[in-house]
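J.: This is the structure, below, for whatever I ask next.
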Amino acid sequence: MLTHGVIKALRLGFNVVLVNPKGTTNSEDHDRVMREKGFDRHTASAYLIALKGLVMLNDIK
Numbered sequence: 193m194l195t196h197g198v199i200k201a202l203r204l205g206f207n208v209v210l211v212n213p214k215g216t217t218n219s220e221d222h223d224r225v226m227r228e229k230g231f232d233r234h235t236a237s238a239y240l241i242a243l244k245g246l247v248m249l250n251d252i253k
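Numbering (my numbering), first residue to last: 193 to 253.
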């Protein structure tokens, strides 16, 4: 399923960044994001994973 999504995104012209989600749920950042933004557990995890991807993109450039 992941492979299909990556191939589809590349065909559509998106930049694909694979991020290891390890450590996003059980962290101080997770609790802080939940409180400050009012996110539930899953949305806060997705938010932190997206931030990891953006940091990786900025490091590449």
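Don't be surprised by glycine CBs; every beta carbon is placed ideally from N, CA and C. This one's a predicted model, so the numbers in the text were calculated from it and none came from an experiment.
(1) Mind checking which residues open and close the alpha helix (DSSP H) that includes serine 237?
(2) Just reading off the alpha helix (DSSP H) that threonine 279 is part of, what are its end residues?
(3) Count the other CB atoms within 10 Å of the CB of leucine 240; is the residue buried (16 or more) or exposed (fewer)?
T.: Per the coordinate set shown:
(1) Stepping through the sequence shown from its first residue, residue 237 is reached at position 45. From DSSP, the alpha helix (DSSP H) with serine 237 extends over 233-252.
(2) Because the chain here runs from 193 to 253, residue 279 falls outside it and cannot be looked at.
(3) Counting from 1 along the sequence shown, the entry for residue 240 is found at position 48. With 16 or more Cβ atoms within 10 Å of its Cβ, leucine 240 is classed as buried.
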